[in-house]
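Worksheet for the structure shown next.
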Amino acid sequence: MSLFLASPSPLPAPGAGLFTSPFLLSLLIWVPVIVAVTIAFMPNPRGRYDTLIKQIAFFTNLALLVLLFIAYNQFESFLPTVQYEEKISWLPAIGATYHLGVDGPGLVMMLLSGLIGVAAVLASLGVRERVRAYFTLLLLTQASINGAIAAHDMFVFMLFWAASIVPIALLVSGWGGPRRGLAASRLIGYWGIGTAFLAVGVFALYAAAGGQSFDMEVLLKAPLNSRVQLGISAVMILAAATRLPLFPLHGWVRDVLSEAPPGVTVIVAGAATRLGAYLLLRTMVQGAPAATHLLSPVLAALAALTVGYAGLAALRAVDVRHAGAYLAMVPGAITVLGIAAVSPLGIAGTVLSLFTGGLAAALIAGVCATLSERAQSRNVLVLSGLAPRMPNIAWLMLIAALALLGVPILSSYMSDVMTFFGAFKTQPIGAFAVAAGLAVSAVALAVLLRRVLFGAPLPDSPGASDASLAETWYLGLLAGALLWVGLFPGGPKIPGTEVPLFDPGLINQMAAGISDMAGPYVLPTPAAPQQ
Amino acid sequence: MKYLLLVPEALIVALAVAVIVAGRFAWLPRPWRSFVPHAAVVVVLVALGVELWAGAAVGTYFGGALLQDRFALFVKAVALIAAGFVIACSDWVAEDSAYLGVAMPLLAAFGVMVAASAADLVGLWAGLELVAVSGVVLVALRRPDLGLRLLVAGGIGTTLLLVGLVFLYATTGNADLSGIRAGITGEAPTLAVVIPVLLLIAGLAIRAGVAPFHVATLPVGLGASPVGAALVVGMAAVAAGVVALKLTAALLPIGDSYAPYTQVVAAIAMLGGGVAALAVRSPRPRMAYMAISQLGWLAAGFATHFRSGFGSSLFLLGAFALAATAGPVLLGRAEGGEPAVFGLGVVRPLRAAGVALALLSLAGVPPLPGFFGELSVAAALAQSHNFVLLGLGMIGAVLCVAAAVGTLRVLYMQGPLEESRRGAAAALPAVTALSSFGAIAFALVLAGYVVFGFPIMGLADQGAEALGLR
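Protein chains in written order, with my numbering: chain A, 14 to 544; chain B, 8 to 477.
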């Protein structure tokens, strides 16, 4: 276990302490909003400034990613406290504060959101219609996801959680495929109901904790009896299940991920859906540990049903985007299995799988979207033997498949191993069932790859071309991130030295913030002065 | 100096009367007529400034018939801002009479101000009726049949209200609100008090157009001119909300006996409004149904019977007043149904932005004022452990969000109708400097309502305290 949790690196990272900002998290939330509003009111006669708008959106996201890497570099790992904290009294009458802050899992999610944000913009460079509105909504989506991750007050969390629904629904219904209306309706329906569950859960928690504050420090540490914990956790599971999604509340996933444009598919599959698992981690593992123990078999069963269903549905799908959408459900279920494990290793795997699962889900859904656009068809009976004609997409699809299955050298291997090792101890039946479901998914992936990439080309299939530069970049970025953490789980080091480039590596960041998961290191205390 | 506090009311009434008289006798030269709305907006802004400057003082007037407190300050400021938006954002080409179109919102705002300051039953009733009459005048101008219908429906509501008020007076022996409260404090609720309360609930529900009573008033608002719709859908409901808040506070000692009925009204309004908003496609009915759903949240706040619930309801009332009165006016002549607003975001971007904000606020979408208001009420519901109502409200809000997204899609993602296919019912609203200013100001005020949520909610909380809640 120490193999995974400890990177022996108490050395400070180069540049630590160079940059400090009391508004770092606010910048990550409000800069995209300000840029979105600026874009929305920018004059753009006959699409004259479409390219400029795309550049603005791209460089905004890139700047946010740079900011995030700085935050990551300066993060005091091994401290089980919230960092980059901002706290302003907001609505004292009901006890809501503008309280932001990230701990280990929060930072991991932030990093994921930053990477997905850049990938989503790159995937959207092919948008030609109503470019201004599209990128305005995309940036608002990005801001709302960042806000939900950074929120350390449940009122603020709810605000950003709910705020992401409208821009995503508009993106799907405005730029989606032929069934976009249905897809947007389903998204609003499921996510809206999920938000209603979340609100009921949060308000119940608020009432049970005395009705004075929405601050997570108060709500998640309130001494609640096990019955209240159980009720609140059950509602939270329902809220998370609509977002992640988990079987049987997955009704939106096929339509949304297959009808949305690739950029939206990436941001939904990669970041927006991970908020569901993040919610469970926050409210159940941190806030209701007794209920988590009680409900862990339910969570394991939901995870097993989800993986099994996703694998079977992908196996019989004749639409390549439908298959991609179903397969994108798999990483979320593995994340939930880690929570069901309720063990340090399982939870550590869960936090890492938030990152790796988000990337893997975004990659598989994105590559299927790009492939179907480039091949001018979504039908797997028509698409065949595409590997020679689109080698880049073929390679990236292969990496996506391997990432979903948790193959070594990809970061999902680390998270899957930790999750399964953790879960086999406490939820052996559930873990076995998920593993069996994963085997079905492997078969589905193998069948999909064989048919689409390596089968005999059909003479009358439509013409296909390889991914464009932007598409290769966005898919490559996702694949590269999966490889980065897979190859350097303890954090990359400056070549030829033992000095960590990012101290102390993503895999250790996740431990910070969960008290019983804190790493084995303590901050070096200054030596007593020699007399 | 004491009467400085009445300057806003005096200014508003004087302006309304002057505009009506000027219109009747055609005193103004033709070139000046187009500046009547501009002048009205300036006067409303002056009145608002005086209200905010001098309104912090507390006092009573006319032998205690009128009361200036934090509740009155909050509501009067909101009513003035809402009236200002109605006048500033209107498409005066679409109105049947510019004079009455300016005067009636002013009179309606005056009615709300009277109800907000009223210390007795007569003041409450007078304020409510003044708002209702203003609506009837504007509706009857375009559609006399609908005007008659509104008069009859309103008459039924008024009858129920009056009977309830009279019974209340007869039972408690008091017409002033503090006296009524003192009279029933410590007494067990009797049938003689509870029955009038139920009549009052029914009368107010009809006046506000809350489901299921909306069947009487809603079609009227939909057939009226944009300003008429704003008065029927928005201002009348605001007045009913103000009266309900004051009456509920006065009847608080027997709150438990009628709370279930208020909760039923709230639940039906929240869910029914949401379902109906999703079922219709035409933007004005959709907006009206979403307003009904938000009124349900308002009623849910009353049902909590404690200060934070009332404070939250008052905060939500402010958000509701802004969106529900400005929304129909910004929408303009949308009688042609959904096609009338196809691509409004392209051809009238400022108006479309205003409509979108109003819709989203009514639907309770974050981060708009309606969201904060609804969640504040939800927090109060949680404190009172009323999770069923909270859950139903959330479902209603989800339905409203779905409806709002449907209209936003039409506003921004459909191409505008060709001019040849655009009849009078789907005519585009005219673009004027005043309407552009109004739309921008509307967006800024909504943003300000959120950014300055702390002091605004603080004032609402003080308003609830002024009603006697601790």
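Built from N, CA and C at the ideal position, the CB exists for glycine as well.
Please read these numbers as outputs of a predicted model, since none were measured by experiment.
Does the beta-carbon of residue i, which I'm using as the reference point, lie nearer than 8 Å to any heavy atom of the ligand HEM?
i, result
"leucine 292/A", "By its list of ligands, the structure shown contains no ligand whatsoever, and the ligand HEM lies outside what it can speak to."
Could you check the C-alpha separation between residue i and residue j for me, to the nearest Å?
i, j, result
"leucine 536/A", "histidine 112/A", "In this prediction, leucine 536/A has a pLDDT of 41, which is less than 50 and means its spatial position is unreliable; what the coordinates show is noted afterwards. If you take the alpha carbons of leucine 536/A and histidine 112/A, they lie about 26 Å apart."
"alanine 375/A", "aspartate 63/A", "25 Å"
"alanine 494/A", "tryptophan 304/B", "46 Å"
"valine 46/A", "valine 447/A", "40 Å"
"leucine 411/A", "phenylalanine 501/A", "21 Å"
"methionine 420/B", "glycine 281/B", "23 Å"
"arginine 358/B", "proline 423/B", "14 Å"
"glycine 371/B", "tyrosine 456/B", "14 Å"
"threonine 509/B", "valine 93/B", "Nothing can be reported for residue 509/B, as the shown portion of chain B is limited to 8 through 477."
"proline 236/A", "tryptophan 265/A", "36 Å"
"serine 309/A", "valine 355/A", "7 Å"
"tryptophan 1/A", "methionine 123/A", "Since the displayed chain A opens at 14 and closes at 544, residue 1/A lies outside it and no answer follows."
"alanine 257/B", "methionine 120/B", "18 Å"
"leucine 13/B", "alanine 471/B", "22 Å"
"serine 319/B", "alanine 483/A", "49 Å"
"leucine 169/B", "valine 222/B", "21 Å"
"alanine 303/A", "leucine 312/A", "14 Å"
"serine 39/A", "arginine 355/B", "33 Å"
"proline 15/B", "valine 143/B", "24 Å"
Would residue i be called buried (16 or more neighbouring beta carbons within 10 Å of its own) or exposed?
i, result
"glutamine 75/B", "buried"
"serine 41/B", "exposed"
"lysine 9/B", "exposed"
"tryptophan 574/A", "Residue 574/A is absent from the structure shown; chain A starts at 14 and stops at 544."
"lysine 234/A", "exposed"
"valine 24/B", "exposed"
"serine 271/A", "buried"
"glutamate 425/B", "exposed"
"serine 102/A", "exposed"
"phenylalanine 459/B", "exposed"
"asparagine 74/A", "buried"
"glutamate 102/B", "buried"
"aspartate 516/A", "Legend: pLDDT at aspartate 516/A = 46, less than 50; position of this residue unreliable, no value from coordinates given."
"isoleucine 19/B", "buried"
Nearest to residue i by alpha carbon, out of the options?
i, options, result
"glycine 398/B", "Thr208/A, Gly321/A, Trp43/A and Ala330/A", "Thr208/A"
"glycine 117/A", "Phe148/A, Leu294/A, Met167/A and Arg463/A", "Leu294/A"
"proline 346/B", "Val119/B, Gly465/B, Gly162/B and Thr414/B", "Thr414/B"
"tyrosine 339/A", "Val320/A, Ser356/A, Leu350/A and Thr348/A", "Val320/A"
"threonine 269/B", "Val57/B, Gly403/B, Leu396/B and Ala122/B", "Leu396/B"
"valine 48/A", "Pro258/A, Phe71/A, Leu37/A and Arg59/A", "Phe71/A"
"alanine 283/B", "Ser264/B, Val217/B and Ala257/B", "Val217/B"
"proline 475/A", "Ala303/A, Lys438/A, Ala388/A and Gln440/A", "Ala388/A"
"alanine 387/B", "Leu307/A, Asn392/A, Gly187/A and Ala109/A", "Ala109/A"
"alanine 86/B", "Val51/B, Gly70/B and Arg77/B", "Val51/B"
"serine 177/A", "Arg192/A, Asp268/A, Gly289/A and Met249/A", "Gly289/A"
"threonine 165/B", "Ala116/B, Pro436/B, Ile208/B and Phe461/B", "Ile208/B"
"tyrosine 291/A", "His165/A, Ala146/A, Arg193/A and Leu318/A", "His165/A"
"glycine 520/B", "Phe349/B, Cys407/B, Gln301/B and Val405/B", "What the structure shows of chain B is the stretch from 8 to 477, and residue 520/B is not part of that stretch, so it cannot be assessed."
"isoleucine 360/A", "Asp268/A, Gly371/A and Ile347/A", "Ile347/A"
"serine 425/A", "Ile162/A, Thr149/A and Val364/A", "Val364/A"
- Query: Relative to chain A, which residues along the stretch 112-136 of chain B have a C-beta separation below 8 Å, given in chain order?
  - Reply: none
- Item | In chain order, each alpha helix (DSSP H) run of at least 4 residues that lies wholly inside the stretch 333-388 of chain B | 351-354 and 356-370
- Message: So within the stretch 174-243 of chain A, which uninterrupted alpha helix (DSSP H) runs reach at least 4 residues, ignoring any that extend past its ends?
- Response: 178-188, 193-221 and 229-232
- Output, in sequence order along the chain, the residues in the stretch 158-190 of chain A whose CB is closer than 8 Å to any CB in chain B. Phe168, Met171, Leu172, Phe173, Ala175, Ala176, Ile178, Val179, Ala182, Leu183, Ser186 and Gly187
- Output the residue ranges of the beta strand (DSSP E) runs that lie fully inside the stretch 71-126 of chain B and measure 3 residues or longer, sorted by chain position. 73-75
- What are the residues of the stretch 91-106 of chain A that lie near chain B, defined by any Cβ-Cβ distance shorter than 8 Å? Ser102, Trp103, Leu104, Pro105 and Ala106
- Just by C-beta distance, which residues in the stretch 141-153 of chain A are closer than 8 Å to chain B? Arg143 and Ala146
- Task: Could you run through the stretch 42-63 of chain A and flag, in chain order, every residue whose CB is less than 8 Å away from some CB of chain B?
- Result: none
- Uninterrupted alpha helix (DSSP H) stretches inside the stretch 215-269 of chain B (no shorter than 4 residues): 221-230, 233-236 and 243-257
- Within 9 Å of chain A by C-beta, residues of the stretch 377-394 of chain B in sequence order: Phe378, Phe379, Leu382, Ser383, Ala385, Ala386, Ala387, Leu388, Ala389, Gln390, Ser391, His392 and Phe394
- Message: Just to confirm the assignment: which complete alpha helix (DSSP H) runs, minimum length 4, are found wholly within the stretch 442-470 of chain A?
- Response: none
- Item | Near-chain A residues of the stretch 409-422 of chain B (beta-carbon distance less than 9 Å), N- to C-terminal order | Ala409, Ala411, Val412, Gly413, Leu415, Arg416, Tyr419 and Met420
- Message: To be precise: take each residue of the stretch 297-313 of chain B, compare its Cβ to all Cβ atoms of chain A, and keep it if any distance is under 9 Å. Which residues remain?
- Response: none
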